[in-house]
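In our numbering, the protein residues as written are 26 to 431.
Note that the Cβ used here is the ideal one computed from N, Cα and C, for glycine as well.
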Amino acid sequence: MSSLLSALKKKKTPEQLVRAACAAMAEGNAASLSKRLVAMKEVLYGEEDKEPVEAKCKELSAALRGAGLMPQLIEAMPVLPFEARKDVAQVFNNLVRKNHEGFADYVAENPTMVKDLILAYGNPDIAILCGSMLRECIRYESLARATLADDMLWLFFDSYVHLPNFDVASDAFATLRDLLTRNKAAASEFLSERFDTVFSKYTILLDSENYVTRRQSLKLLGELLLDRSNFAVMMRYICNRDNLKKMMMLLRDKSPNIQYEAFHVFKVFVANPKKPPEITRILVANRAKLITYLENFHNDKDDEQFRDEKALLITTLEALEEPPPSESNPGSRRVSQDVAGMLARAREGSTGEPRGGTNSMQGSQEKRAMAADAQAVADVLGAVGGEGGAAAAAPPAAPAPAAGVH
26 MSSLLSALKK KKTPEQLVRA ACAAMAEGNA ASLSKRLVAM KEVLYGEEDK
76 EPVEAKCKEL SAALRGAGLM PQLIEAMPVL PFEARKDVAQ VFNNLVRKNH
126 EGFADYVAEN PTMVKDLILA YGNPDIAILC GSMLRECIRY ESLARATLAD
176 DMLWLFFDSY VHLPNFDVAS DAFATLRDLL TRNKAAASEF LSERFDTVFS
226 KYTILLDSEN YVTRRQSLKL LGELLLDRSN FAVMMRYICN RDNLKKMMML
276 LRDKSPNIQY EAFHVFKVFV ANPKKPPEIT RILVANRAKL ITYLENFHND
326 KDDEQFRDEK ALLITTLEAL EEPPPSESNP GSRRVSQDVA GMLARAREGS
376 TGEPRGGTNS MQGSQEKRAM AADAQAVADV LGAVGGEGGA AAAAPPAAPA
426 PAAGVH
């Protein structure tokens with residue numbers, strides 16, 4: 026009889042579940058809180074053969090928002106039982122992903138939640154769970170922009186991806202990657218506006234003693250530079266002689282996989298149709314050694330596109346001419362600025378109303394020129410990445426930048 030009565034007993038409504046969870050939090054009753062979290066998860070994910078009911082999911086979202094419980098749960102993550110932590114993450118991820126009752130907007134309106142999720146990488150016990158929650162947030166452009174604008178972002182560059190715990194460091198890099206690639210418009214604006222800071226910190230990633238960090242950073246750099254939404258960023262990066270020297274040094278890395286990823290960034294410097302004089306001088310000064318290196322570079326790879334890229338780079342290097350002595354470094358900065366300005370003007374022309382016949386025609390010409398520049402680079406650049414595969418016999422060491430090239 027007691028079992029029958031128990032079966033007939035009504036389950037708590039979502040609002041009642043939230044009230045009970047709030048009471049358990051206030052009392053410090055971990056067992057009761059865990060029970061309520063399991064029930065919330067069942068509301069959102071369903072039970073066995075029962076699908077979740079949309080109306081109840083919305084009711085739960087509204088109740089959690091009204092009670093302000095989720096920020097408390099995130100803050101309490103370090104002291105919750107392990108299973109309760111997992112349930113918090115699953116409840117949060119479902120609410121954000123499906124955006125029940127505008128839950129993602131609620132998170133955006135309460136930035137302490139995202140800040141606490143970022144800081145959680147400092148605690149290996151909750152880092153990976155909180156990382157999954159953070160990545161659900163940055164699927165939304167508004168939350169991605171807010172995260173990119175927060176100075177706490179630099180913790181990823183300065184600390185989190187260098188952590189000794191491999192799983193936590195890898196998870197942190199996955200989050201950083203999503204921030205820089207998922208919402209392209211927001212990421213492109215961030216990279217342009219914070220260019221100097223981002224790439225000074227990125228150089229530290231490329232110098233990391235951790236092989237995985239170095240390789241992942243190189244792979245991501247190649248993807249960022251070859252993404253058409255980052256055209257102005259790419260032009261600015263490849264007009265810098267120090268960046269070219271860094272790639273030439275990484276071509277000499279003892280790891281064939283690092284060499285391979287470095288190649289996919291180095292090729293952008295060579296393919297640039299508007300090389301500044303200082304870039305051309307370095308390439309010309311090292312031309313013979315670079316050609317020899319490329320002729321023996323990963324010849325075991327059965328990849329026609331890769332072979333074509335190598336051949337075209339060699340042809341391009343052979344055709345380079347020493348710039349006249351009068352062409353000095355300021356010219357390189359001017360080229361970079363001109364390209365960035367051209368891109369900005371083209372973007373304005375594509376989003377605003379025409380300002381008149383002459384200006385409209387000039388804008389169209391600039392956009393065509395920009396597209397031609399991008400295509401000239403793209404003609405020799407294929408898809409970035411690909412695994413290094415079995416370690417190939419290491420090619421001859423790439424040349425260090427020639428002495429006396431300043």
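Inter-residue spacing [alpha-carbon to alpha-carbon] between residue i and residue j
i, j, result
"H187", "T238", "7 Å"
"M259", "P189", "31 Å"
"K36", "V63", "13 Å"
"D327", "M95", "52 Å"
"K60", "K66", "10 Å"
"T432", "M158", "Residue 432 lies beyond the residue range present for the chain, which begins at 26 and ends at 431; the question has no answer from this structure."
"D183", "G156", "17 Å"
"P281", "G71", "49 Å"
"R202", "T341", "32 Å"
"P302", "V113", "56 Å"
"G299", "A133", "A quick correction: the sequence has Lys, not Gly, at residue 299. One C-alpha to the other measures close to 42 Å."
"A199", "P350", "45 Å"
"I163", "A169", "4 Å"
"N54", "H125", "28 Å"
"D192", "I307", "40 Å"
"L142", "A56", "24 Å"
"E343", "K314", "11 Å"
"D404", "N297", "Summary for D404: the model assigns pLDDT 45, below 50, so the residue's position carries little reliability, and this model does not support an answer."
"Q41", "E73", "22 Å"
"F331", "R261", "25 Å"
Test item: CB-CB of residue i and residue j under 8 Å
i, j, result
"L178", "A109", "no"
"E347", "V309", "yes"
"I304", "L269", "yes"
"A129", "M102", "no"
"V290", "L246", "yes"
"F286", "L243", "Correcting the residue type first, residue 286 is Glu in the shown sequence and not Phe. Their beta carbons are under 8 Å apart, which means E286 touches L243 by this criterion."
"V121", "L69", "no"
"V293", "L250", "yes"
"K111", "L180", "no"
"D175", "K209", "no"
"T206", "E161", "no"
"I263", "L275", "no"
"L89", "V139", "no"
Local conformation of residue i per DSSP, three classes
i, result
"E234", "coil"
"R219", "coil"
"L89", "helix"
"L21", "Beyond the ends of the chain as shown, which are 26 and 431, falls residue 21; an answer cannot be given."
"G53", "coil"
"D150", "coil"
"I163", "coil"
"K299", "coil"
"T38", "coil"
"K326", "coil"
"D252", "coil"
"S157", "helix"
"P96", "helix"
DSSP bridge partner residues for residue i (one or two, in chain order)
i, result
"E72", "K75"
Limits of the alpha helix (DSSP H) - the one that residue i falls within
i, result
"T137", "137 to 144"
"M177", "First-last for M177: undefined, no H or E at that position."
"E126", "Neither: E126 is in no alpha helix (DSSP H) and is coded neither H nor E."
"N282", "281 to 296"
"R332", "329 to 344"
"V258", "256 to 263"
"M17", "This structure leaves residue 17 out entirely; the chain is present only between 26 and 431."
"L308", "302 to 310"
"V193", "191 to 206"
Cβ-heavy atom distance, residue i to the ligand NAP, below 7 Å
i, result
"A194", "Looking at this structure, you won't find the ligand NAP or any other ligand, since it has none at all."
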